[in-house]
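Read left to right, the sequence shown gives residues 1 to 259 (the UniProt record's numbering).
Where is the CB? At the ideal position from N, CA and C, for every residue including glycine.
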Amino acid sequence: MIIFLYGSDSYRREQKAQELIAAYRAKHSGLQQFDLAESDQFLKLKDFSATFSMFEPIKMAFVTNLSEVDKPDELLIPFLRGAIPSKDFVLLISEADTPSAAFDFLLQKPIQSQEFAELEGQRLKFFIEQETKRRGYTLQEDVRRLLEAAYTGDSWGLVTELDKLALMRKPEFETPLALSQSYFALLAKLKSSHTSAGGRLAALERILSDHKEDPARVFNSIAYKANSPEEGELLADYDVAVKSGKLDYEEVLLDLALS
Numbered sequence: 001m002i003i004f005l006y007g008s009d010s011y012r013r014e015q016k017a018q019e020l021i022a023a024y025r026a027k028h029s030g031l032q033q034f035d036l037a038e039s040d041q042f043l044k045l046k047d048f049s050a051t052f053s054m055f056e057p058i059k060m061a062f063v064t065n066l067s068e069v070d071k072p073d074e075l076l077i078p079f080l081r082g083a084i085p086s087k088d089f090v091l092l093i094s095e096a097d098t099p100s101a102a103f104d105f106l107l108q109k110p111i112q113s114q115e116f117a118e119l120e121g122q123r124l125k126f127f128i129e130q131e132t133k134r135r136g137y138t139l140q141e142d143v144r145r146l147l148e149a150a151y152t153g154d155s156w157g158l159v160t161e162l163d164k165l166a167l168m169r170k171p172e173f174e175t176p177l178a179l180s181q182s183y184f185a186l187l188a189k190l191k192s193s194h195t196s197a198g199g200r201l202a203a204l205e206r207i208l209s210d211h212k213e214d215p216a217r218v219f220n221s222i223a224y225k226a227n228s229p230e231e232g233e234l235l236a237d238y239d240v241a242v243k244s245g246k247l248d249y250e251e252v253l254l255d256l257a258l259s
């Protein structure tokens, strides 16, 4: 039996792999991991798949880096095809890339395959909502949008930031006080037209001084999904001014805070 997980979203792919491993370990003990980027691992995998005992009637191998095996047609692919009908040997494979033509059989039944592409749009929004819910809090809409802008294509970075916000929480059912001082909450204040100039300046100071954020990153986060076409044009003009050497990002951020 083969379970094939693939795709560039390594966080969700790893979470699914660990979920399957945990389910296996709840009933069985014969589990080993094999990184085929290491030269001796394929032979060890073959040996592991061939030896059974009455105490381990079912075994699982967690395998990564199929593409690192030289001349896969000679040994690896026949081995994989031979594992497909097995009832007592589970091959769990995790790969970052979509399989090449030589391995496209891994996408066909009866193999159980699942893709983990990078999230965007509504899928990313839903992912953030589910992850914050699991951690016991919710995000303001503007903070969520800023997180989307900063971490599109980086699920590991996103969940790390969500974990930081979770650690800032006060006791259950209370609004996390420290959330108001988090980078993304401060960024939302800096970007909002409803914040006073003094409030925007204070937020900018905390972002640059306390959080030590890169001014270029701050500007790019603000520029992502402008609130209006006019704001989009203004931010584009600022971007040109920076790239032409007329302004630096700190000067631009100060202008935005005072405007």
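Of the residues the options, which one's Cα is nearest the Cα of residue i?
i, options, result
"Gly153", "Asp142, Glu120, Glu131 and Phe34", "Glu120"
"Arg135", "Glu161, Asp237 and Gln122", "Glu161"
"Arg62", "Pro99, Ala223, Ala22 and Phe116", "In the sequence as presented, Arg is not what sits at residue 62; that position holds Phe. The residue with the shortest Cα to Cα distance from Phe62 is Ala22."
"Glu250", "Lys109, Asp88 and Leu208", "Leu208"
"Asp239", "Phe219, Gln41, Glu19 and Lys189", "Phe219"
"Val242", "Pro215, Glu231 and Leu258", "Pro215"
"Ala202", "Ala236, Glu129 and Ala257", "Ala257"
"Met54", "Glu74, Ser29 and Glu68", "Ser29"
"Ser182", "Ala197, Ser193, Gly198 and Lys164", "Lys164"
"Glu141", "Glu131, Thr98, Ala188 and Ser8", "Ala188"
"Ser192", "Arg217, Arg145 and Lys212", "Arg145"
"Asp70", "Leu107, Asp40 and Gln32", "Asp40"
"Asn65", "Asp35, Lys44, Glu231 and Thr98", "Asp35"
"Ile2", "Ala96, Gln108, Gly232 and Pro57", "Gln108"
"Arg81", "Thr51, Lys46 and Phe52", "Lys46"
By the DSSP assignment, the beta strand (DSSP E) with residue i in it spans what residues?
i, result
"Phe4", "Ile2 to Tyr6"
"Asp237", "Counting along the chain, Asp237 falls outside any beta strand (DSSP E), though it belongs to the alpha helix (DSSP H) covering Pro229 to Lys243."
According to DSSP, which residues form a beta bridge with residue i?
i, result
"Leu91", "Ile2 and Ala61"
"Gly30", "Lys59"
"Asp248", "According to DSSP, which records beta bridges pairwise, Asp248 is partnered with nothing at all."
"Lys40", "Strictly speaking, residue 40 in this sequence is Asp, with Lys absent from that position. In the DSSP output, where bridge partners are listed per residue, Asp40 has none listed."
"Asp35", "Thr64"
"Ser53", "Glu56"
In whole angstroms, what separates the C-alpha of residue i from that of residue j?
i, j, result
"Ser244", "Thr195", "30 Å"
"Asn227", "Phe79", "55 Å"
"Ala101", "Leu5", "16 Å"
"Ser94", "Pro110", "17 Å"
"Leu91", "Ser155", "26 Å"
"Val143", "Glu74", "52 Å"
"Ala178", "Tyr151", "Residue confidence for Ala178 is low, a pLDDT of 47 falling below 50, so the modelled location carries little weight; the figure read from the coordinates is stated next. For Ala178 and Tyr151, the distance between alpha carbons rounds to 21 Å."
"Ala26", "Gln112", "20 Å"
"Pro72", "Phe103", "9 Å"
"Glu174", "Asp88", "In this prediction, Glu174 scores a pLDDT of 39, lower than 50, which makes its location untrustworthy; the coordinate-derived value is nonetheless stated afterwards. If I take the Cα positions, the gap works out to 50 Å."
"Leu253", "Ala149", "17 Å"
"Ala185", "Lys212", "15 Å"
"Ala96", "Gly232", "35 Å"
Counting along the chain, where does the alpha helix (DSSP H) carrying residue i start and finish?
i, result
"Glu19", "Ser10 to Arg25"
"Phe79", "Leu76 to Ala83"
Does the Cβ of residue i lie closer than 7 Å to at least one heavy atom of the ligand NAD?
i, result
"Ile93", "With respect to small molecules bound, the structure shown includes none, and the ligand NAD cannot be examined in it."
Hey, does residue i have any beta-carbon neighbour from chain D nearer than 8 Å?
i, result
"Glu74", "In summary, chain D is missing from the structure at hand, where a single protein chain is found."
| Uninterrupted beta strand (DSSP E) stretches inside the segment 108 to 167 (no shorter than 3 residues) | 112 to 115
| At what residue ranges does the segment 187 to 222 contain a whole run of the alpha helix (DSSP H), taking only runs of 4 or more? | 197 to 205
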